Amino acid sequence: MRRWLLTGTALLLLALAAPAAVPSKRPSVLVVTLDTTRADRLGCYGGQGGLTPFLDQFAATSFRFKHCETPVPETVPAHLSLFSGWYPDRHGLRKNLEVMVSPRVPLLAEEFKAAGFETAAFVSAFVLAGNYGMARGFQLFEDGFYDPKNPSTVERKAEETLALAKSWLLDAQGPWFCWIHLYDPHIPYDPPPPFATAHKGRPYDGELAYMDASLGKFFKEVAHAGKLTNAIVVLCGDHGESLGEHGEDTHGVFLYEATTWVPLLMRLPGQEKGAVLDPTVSLVDVAPTLRSLCALPEVSGDGRSLESLLNGGRLDRAPVYLEALTGLYAYGWAPLYALVDGPDKFILAPRRERYRLDRDPTERDNLFRGDARSADLEKALKARLAKAKPESTEARKLDDEELRSLRSLGYISGTAGVSGGSYRDPKDGIGLMKEHTAALELLQSGQRKQAAAAFEGLLRKDPNNPLFHYYLGNAFEEENPDRALACYKKAIQHRRDFPQAYVRLLYLLESVGRQREAFDVATLALQQVDDMDGQIRSLQAWAAFEMGRPAGEVEALLEPVRAAGRENTYSLKLRALLKLKAGERLEALAILERMAAVSPDSDVATLGSDARFKDLKEEPRFWRIVIAAQKRVQGRGPASAR
Numbered sequence: 008m009r010r011w012l013l014t015g016t017a018l019l020l021l022a023l024a025a026p027a028a029v030p031s032k033r034p035s036v037l038v039v040t041l042d043t044t045r046a047d048r049l050g051c052y053g054g055q056g057g058l059t060p061f062l063d064q065f066a067a068t069s070f071r072f073k074h075c076e077t078p079v080p081e082t083v084p085a086h087l088s089l090f091s092g093w094y095p096d097r098h099g100l101r102k103n104l105e106v107m108v109s110p111r112v113p114l115l116a117e118e119f120k121a122a123g124f125e126t127a128a129f130v131s132a133f134v135l136a137g138n139y140g141m142a143r144g145f146q147l148f149e150d151g152f153y154d155p156k157n158p159s160t161v162e163r164k165a166e167e168t169l170a171l172a173k174s175w176l177l178d179a180q181g182p183w184f185c186w187i188h189l190y191d192p193h194i195p196y197d198p199p200p201p202f203a204t205a206h207k208g209r210p211y212d213g214e215l216a217y218m219d220a221s222l223g224k225f226f227k228e229v230a231h232a233g234k235l236t237n238a239i240v241v242l243c244g245d246h247g248e249s250l251g252e253h254g255e256d257t258h259g260v261f262l263y264e265a266t267t268w269v270p271l272l273m274r275l276p277g278q279e280k281g282a283v284l285d286p287t288v289s290l291v292d293v294a295p296t297l298r299s300l301c302a303l304p305e306v307s308g309d310g311r312s313l314e315s316l317l318n319g320g321r322l323d324r325a326p327v328y329l330e331a332l333t334g335l336y337a338y339g340w341a342p343l344y345a346l347v348d349g350p351d352k353f354i355l356a357p358r359r360e361r362y363r364l365d366r367d368p369t370e371r372d373n374l375f376r377g378d379a380r381s382a383d384l385e386k387a388l389k390a391r392l393a394k395a396k397p398e399s400t401e402a403r404k405l406d407d408e409e410l411r412s413l414r415s416l417g418y419i420s421g422t423a424g425v426s427g428g429s430y431r432d433p434k435d436g437i438g439l440m441k442e443h444t445a446a447l448e449l450l451q452s453g454q455r456k457q458a459a460a461a462f463e464g465l466l467r468k469d470p471n472n473p474l475f476h477y478y479l480g481n482a483f484e485e486e487n488p489d490r491a492l493a494c495y496k497k498a499i500q501h502r503r504d505f506p507q508a509y510v511r512l513l514y515l516l517e518s519v520g521r522q523r524e525a526f527d528v529a530t531l532a533l534q535q536v537d538d539m540d541g542q543i544r545s546l547q548a549w550a551a552f553e554m555g556r557p558a559g560e561v562e563a564l565l566e567p568v569r570a571a572g573r574e575n576t577y578s579l580k581l582r583a584l585l586k587l588k589a590g591e592r593l594e595a596l597a598i599l600e601r602m603a604a605v606s607p608d609s610d611v612a613t614l615g616s617d618a619r620f621k622d623l624k625e626e627p628r629f630w631r632i633v634i635a636a637q638k639r640v641q642g643r644g645p646a647s648a649r
């Protein structure tokens, strides 16, 4: 018999809530994801300091899962696992942003929408913006704060996101499925007053306390309006934060509990008594649990429904899988994989690790000695990895604005593919990552000479690192373009599938008048990387244009970009010039208006000083485009370093 709610212990809890009967209509579902939230900072998980009074109160009337692991300590792949029930080695999205979600990955929003639910999402960071693939199934996907033309619009505060969600919920007729994502505890830590003062010197704690207070206000108002009376509510982290433990400042590189142990709280309609559930579970278990509770069709995957636990029953022990590939993608270091099986955690790395989490929760005592237990766990993990068949994903190349946005949030972006690197143990490389972060901060602040010196120092320690060569090229672009060209070529030499390095190399070659070389490099690049954003083909067309090739040949080079819907700054500017040369001024202006809509304002603002557009400088329409962009640039202050 299909059910909307539960029996057993769950019904007992509902009975204790008295006198309301068990709701007979389909429950709505609210999922709130708390980015970068360490479980051990919450009072209900043993945290000290009273940072999270609302979450602690919520836990007292909810099912609290004592030990929930994220499958991956990165925002986007963790959320995809949460909403699909698939591990990253199945859904194929192993790192933030650089691949698109495969249409074959099942998503809860699509399933709830198909079942007649209203669906809406409210996200707080650009890494989860809808154009990256997470919006599928949501009738409303609220990421309106993010402006791709302005890399400073990378996140918004909890109270802003919650206000939008509250407005939608108050109007929703139900049943509904709503996802709210809060990003405040993520770097850069910047708690608002009075939380900055109350937690002086501990800005992460200040952000967590602010987020908790914002949640408390939101839940009070929404509950008062009766919107949670018949709702299943899930609150969970996507990953934690190292805060210096094991040498890692943030997250993504290691698989220690500081970044993989996350809070998971679940409340059923009418529930007023809480319960603590001991078995180790994973975020991949949330999707099948919600499918079961709401009588949605079952979907084959990696997660397990936790309904039996909620009913007071047992859940057979099963190992939980974890992975961290940031070190691999960004630096060419060894990937990390892990299994958590009961109290044991085994980490597959060049130097293996095993910990007893019940006795050693901070993972200081490595028990790996070639013992039988470690051997069994390693065998099981390797067998799983051998069978993994990730969904094919469409690579996407990040443009310069997206790269700036990623760096502003502390993400170290490498490439979508891996074809080189040292494969060193990340434990041996974590110090280099800290130096890299410091060097990037110099580059972002415009201190190019100091940044160049820092990256040269990094390359003395890791001479084959393509990312270090790439950023050294960034630092040299203005002062020493020949040196920058050599750096980009080195980056490509060490990693052939490095699209950003190809784009910067092509741009710089054309800037110094080496069009023939640029054309040939573009031809090579198109054999090595997926030109997802059309920039490589566009720059190849520019080289042909500057070499004096016929307009028809240049148009033919641009046609695949236009046909694929990949128009970009380079292609649109070139198409406008071609129209202008053909005497088609109105068509040229229309294309420039399109460029202004999709390109960084800093690129549009310079059109007024571009002599190639002199024939348009008597057109008021042209100056409206240029001046509007200039005003927006001036309003934001100096642009970040590339």
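Start counting the sequence shown at 8; every next residue gets the next number (the working numbering).
Even for Gly, the Cβ is constructed at its ideal location relative to N, Cα and C.
As the structure is a computational prediction, the values presented were derived from the model and not from experiment.
Report task. Go to ARG601, then tell me how far its alpha helix (DSSP H) extends in each direction, as first and last residue. Result -> Where ARG601 is concerned, the enclosing alpha helix (DSSP H) starts and stops at 592-605.
Report task. Might you give, ordered along the chain, the residues of its own chain that have their beta carbon closer than 8 Å to the beta carbon of ALA379, omitting 5 neighbours on each side? Result -> Answer for ALA379: no residue qualifies.
Report task. Round the Cβ separation of GLU162 and TYR196 to the nearest angstrom and send it over; I've been treating them as touching at under 8 Å. Result -> Their Cβ separation, rounded to whole angstroms, is 12 Å, which puts GLU162 and TYR196 out of contact at 8 Å.
Query raised in the report: With 16 as the cutoff for other CB atoms within 10 Å, does HIS98 come out buried or exposed?
Result: By the beta-carbon neighbour count (other beta carbons within 10 angstroms, threshold 16), HIS98 is buried.
Query raised in the report: Considering LEU49, what are the terminal residues of the alpha helix (DSSP H) in which it resides?
Result: Element bounds for LEU49: n/a, residue is neither H nor E.
Query - Backbone CA spacing between ALA294 and VAL134 [nearest angstrom] - result: Those two C-alpha atoms are separated by around 21 Å.
Query raised in the report: Nearest CA to the CA of VAL2: which residue from LEU474, ALA459, GLU486 and SER69?
Result: Missing from the structure shown is residue 2; the chain here goes from 8 to 649 and no further.
**Report entry** The beta strand (DSSP E) enclosing GLU330, as first and last residue numbers
**Finding:** Element bounds for GLU330: 327-331.
Query raised in the report: CB-CB under 6 Å to ASP608, same chain, minus the five flanking residues each way: which ones, in chain order?
Result: Closer than 6 Å at Cβ, skipping near neighbours: LYS156, ALA636, ARG639 and VAL640.
Query raised in the report: Can we say the stretch 473-491 touches the stretch 502-509, given the rule of at least three CB pairs closer than 8 Å?
Result: Verdict: yes, contact present.
Report task. In the DSSP assignment, find the unbroken beta strand (DSSP E) run with THR43 in it and report its ends. Result -> THR43 -> no beta strand (DSSP E), and no H or E assigned at all.
Report task. Go ahead and pull the three-state DSSP assignment for HIS188. Result -> The three-state reading of DSSP puts HIS188 in strand, counting E and B together.
Requested in this report: Might you give, ordered along the chain, the residues of its own chain that have their beta carbon closer than 6 Å to the beta carbon of SER312, omitting 5 neighbours on each side?
Outcome: So the qualifying residues of the chain are PRO295, THR296 and SER299.
**Report entry** Three-state class that DSSP yields for HIS206 in the structure shown
**Finding:** In this structure, DSSP gives HIS206 a state outside helix and strand, which the three-state scheme calls coil.
Requested in this report: Can you tell me which of the three DSSP states VAL288 falls into?
Outcome: Strand.
Report task. Inspect the beta-carbon positions of VAL260 and HIS246 and report whether they are closer than 9 Å. Result -> The answer is no: Cβ separation not under 9 Å.
**Report entry** Nearest-angstrom Cβ-Cβ length linking GLY319 and ARG71, presumed shorter than 8 Å
**Finding:** Actually they are not in contact, since the Cβ atoms of GLY319 and ARG71 sit about 15 Å apart, beyond 8 Å.
Query raised in the report: Roughly how many angstroms separate the alpha carbons of GLU625 and SER616, rounded to a whole number?
Result: Pairing GLU625 with SER616, the inter-Cα distance amounts to about 13 Å.
Report task. For PRO304, count neighbouring C-beta atoms within 10 Å of its own C-beta (all shown protein chains included) and say buried if the count is 16 or more, exposed if not. Result -> Exposed.
Query raised in the report: Thinking C-beta only, is ARG363 closer than 9 Å to ASP351?
Result: Yes, the pair counts as a contact, with Cβ atoms nearer than the cut-off.
Requested in this report: Please name the residue in ALA618, ARG631 and PRO80 whose C-alpha comes closest to that of GLU330.
Outcome: With distances taken between Cα atoms, GLU330 lies closest to PRO80.
Requested in this report: Counting only the same chain and skipping the five closest in sequence on each side, list residues whose C-beta sits under 6 Å from that of ALA395.
Outcome: Closer than 6 Å at Cβ, skipping near neighbours: ASP96.
Requested in this report: Taking 8 Å as the threshold, find out whether the stretch 114-132 comes into contact with the stretch 84-95 through three or more Cβ pairs.
Outcome: Contact holds between the stretch 114-132 and the stretch 84-95, because three or more Cβ pairs, one in each stretch, are under 8 Å apart.
Requested in this report: Check TYR478 in the structure and name its three-state DSSP category.
Outcome: The three-state reading of DSSP puts TYR478 in helix, counting H, G and I together.
Query raised in the report: Which residues bound the alpha helix (DSSP H) around ALA589?
Result: First-last for ALA589: undefined, no H or E at that position.
Query raised in the report: Does DSSP put HIS231 in a helix, in a strand, or in coil?
Result: HIS231 falls in the helix class under three-state DSSP.
Query raised in the report: Looking at the structure shown, is CYS301 part of a helix, part of a strand, or coil, going by DSSP?
Result: Coil, per DSSP.
Requested in this report: Kindly indicate which residue of PHE129, ARG143 and PHE124 has the alpha-carbon position closest to the one of GLY151.
Outcome: That would be PHE129, whose Cα lies nearest to the Cα of GLY151.
Query raised in the report: Buried or exposed: which applies to ASN103, given that a residue is buried once 16 or more other Cβ atoms fall within 10 Å of its Cβ?
Result: Label assigned to ASN103: buried.
Query raised in the report: Counting only runs that start and end within the stretch 52-136, where is the beta strand (DSSP E) found for 3 or more residues in a row?
Result: As summarised for the stretch 52-136, the continuous beta strand (DSSP E) elements at least 3 residues long and confined to that stretch are 70-76 and 125-129, given in chain order.
Requested in this report: Rounded to whole angstroms, what's the CA-CA distance from LEU599 to ALA446? Just pull it up for me.
Outcome: Their backbone Cα atoms lie some 36 Å apart in a straight line.
Report task. Look up LEU565 in the DSSP assignment and give the residues it is bridged to. Result -> For LEU565, which the question treats as bridged, DSSP gives no partner whatsoever.
Query raised in the report: Taking the alpha-carbon positions, what's the ALA550 to VAL327 distance?
Result: Near 52 Å, if we compare the C-alpha coordinates of VAL327 and ALA550.
Query raised in the report: Which residue or residues does DSSP assign as beta-bridge partners of ASP348?
Result: ASP351.
Requested in this report: Check whether the Cβ atoms of ARG391 and LEU346 sit closer than 9 Å, and answer yes or no.
Outcome: Result yes, Cβ atoms of ARG391 and LEU346 sit closer than 9 Å.
Query raised in the report: Given that a residue counts as buried once 16 or more other Cβ atoms are within 10 Å of its Cβ, and exposed if not, what is LEU449?
Result: With 16 or more Cβ atoms within 10 Å of its Cβ, LEU449 is classed as buried.
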